[in-house]
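**Student:** 76 is the number that this note's numbering gives to position 75 of the sequence shown; each next residue is one higher, with no gaps.
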Amino acid sequence: MSEIDIDGVISIAKVFSYVIDFRSHFTATHSAGVAHTAQKLAEFAGMSGNECKMMLIAGYLHDLGKLAVNNSILEKPGKLNMSEFSIIRCHTFYTYRLLSRIRGFEEINQWASYHHERLDGTGYPFHLKGDEIPLGSRIMTVADVFNAITEHRPYRRGMQKNEIIDVFETLKEKGEVCTNLVDILLDNLDLFIDLCHATQRKAAEEYESFISDEDESILNAI
């Protein structure tokens, strides 16, 4: 993907992230947070400028498949049952199938769709293991987990710094995530927390503006 094309694709991907996330205020900031965290991790990991932009696109689109998941499951204020969990796990496969239709998106598709794969083979949807999982996908995994545990969810508050460290140290010990990437994240944790919070605040403001504009449009149409 050329430098000329990629900035336009970023803008389009950001619009799609609104479609994905703005279905609910509980998910309104997620894709933006993952995208910018993944982009920054990619920079620290030594990826090129163009690859970092591709990572941003992948982050915006990583949950595209959730458009096929009912909001009642996404917003459930408690633990999912086995059936609901099976349904939500399918979102990564739906993301893969949707992005596989776009020529030139092969790497972006892998980085986006494999974000729930784990190095020990316990992830999904393809149960990839070790070297089968590219660096971009490993970055997306760390970025997704980081944002998921720092965001406020219907059933819990976002985790504090010491809790974040405990989660990632446990994942490292289990061999589920890339040790080098986790070390980068934890060595720069304050930076990533600030980035995450700033990105989430901006996304929340855009969500509130979008909702207000929608309400005004509805009122004008009456």
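Note that the Cβ used here is the ideal one computed from N, Cα and C, for glycine as well.
Would you tell me roughly how many angstroms separate the C-alpha atoms of A144 and L182, rounded to the nearest one?
**Tutor:** So the two alpha carbons sit approximately 10 Å from each other.
**Student:** What span of residues does the alpha helix (DSSP H) with T151 cover, start to end?
**Tutor:** Per DSSP, T151 belongs to the alpha helix (DSSP H) from 136-151.
**Student:** Once the 5 residues before and after I11 are set aside, which same chain residues still bring their CB inside 7 Å of it?
**Tutor:** For I11, where only same-chain residues beyond five positions count, the Cβ hits under 7 Å are K54, L57, I58.
**Student:** Can you tell me the Cα-Cα spacing of P78 and N72, whole angstroms?
**Tutor:** Straight-line Cα distance between these residues: approximately 12 Å.
**Student:** Applying the criterion that 16 or more other CB atoms from any shown protein chain within 10 Å of the CB defines a buried residue, is L100 buried or exposed?
**Tutor:** So L100 counts as buried.
**Student:** Could you tell me the alpha carbon to alpha carbon distance between R104 and N110, rounded to whole angstroms?
**Tutor:** Each residue's Cα considered, the two are about 10 Å apart.
**Student:** Could you check how far apart the C-beta atoms of L187 and V178 are, in whole angstroms? I think they sit under 8 Å.
**Tutor:** The pair is not a contact, with the Cβ atoms about 12 Å apart (cut-off 8 Å).
**Student:** Would you mind giving the Cβ-Cβ distance between A29 and G60, rounded to the nearest angstrom? I have them listed as a contact below 8 Å.
**Tutor:** Contact flag wrong, Cβ pair sits at about 15 Å.
**Student:** Please list, in chain order, all residues of the same chain as V70 whose beta carbon is under 7 Å from its beta carbon, the five residues on each side excluded.
**Tutor:** The answer, listed in chain order, is I88, I89, H92.
**Student:** In this structure, how does DSSP classify S49 when only helix, strand and coil are distinguished?
**Tutor:** Residue state, collapsed to three classes: coil.
**Student:** Report yes or no: do three or more beta-carbon pairs, one from the region 160-175 and one from the region 187-202, lie closer than 8 Å?
**Tutor:** Contact holds: three or more Cβ-Cβ distances are below 8 Å.
**Student:** Tell me whether A29 sits in a helix, a strand or coil according to DSSP, three-state version.
**Tutor:** A29 falls in the coil class under three-state DSSP.
**Student:** Give me, in chain order, the residues of the same chain whose beta-carbon lies closer than 8 Å to that of H117; leave out the 5 immediate sequence neighbours on both sides.
**Tutor:** Excluding residues within five positions, the ones whose Cβ falls inside 8 Å are R90, T93, G124, Y125, P126, T142, D145.
**Student:** Whole angstroms are fine: how far does the CA of V16 sit from the CA of Y208?
**Tutor:** Each residue's alpha carbon lies about 12 Å from the other.
**Student:** What are the boundary residues of the alpha helix (DSSP H) that includes Y125?
**Tutor:** Counting along the chain, Y125 falls outside any alpha helix (DSSP H), and DSSP gives it neither H nor E.
**Student:** By Cβ distance, which residues of its chain are closer than 8 Å to P52, with the 5 residues on each side in sequence left out?
**Tutor:** The residue you asked about is not Pro; residue 52 is Glu in the sequence shown. Taken in chain order, the residues that qualify are A43, G137.
**Student:** In the DSSP assignment, the alpha helix (DSSP H) including M83 goes from what residue to what residue?
**Tutor:** Counting along the chain, the alpha helix (DSSP H) containing M83 begins and ends at 83-90.
**Student:** Residue ranges of each alpha helix (DSSP H) run of no fewer than 4 residues wholly in the region 91-122, ordered along the chain?
**Tutor:** Runs of the alpha helix (DSSP H) inside the region 91-122: 92-100, 107-114.
**Student:** How big is the Cα-Cα spacing for C197 and D191?
**Tutor:** Cα to Cα, the separation comes out at about 10 Å.
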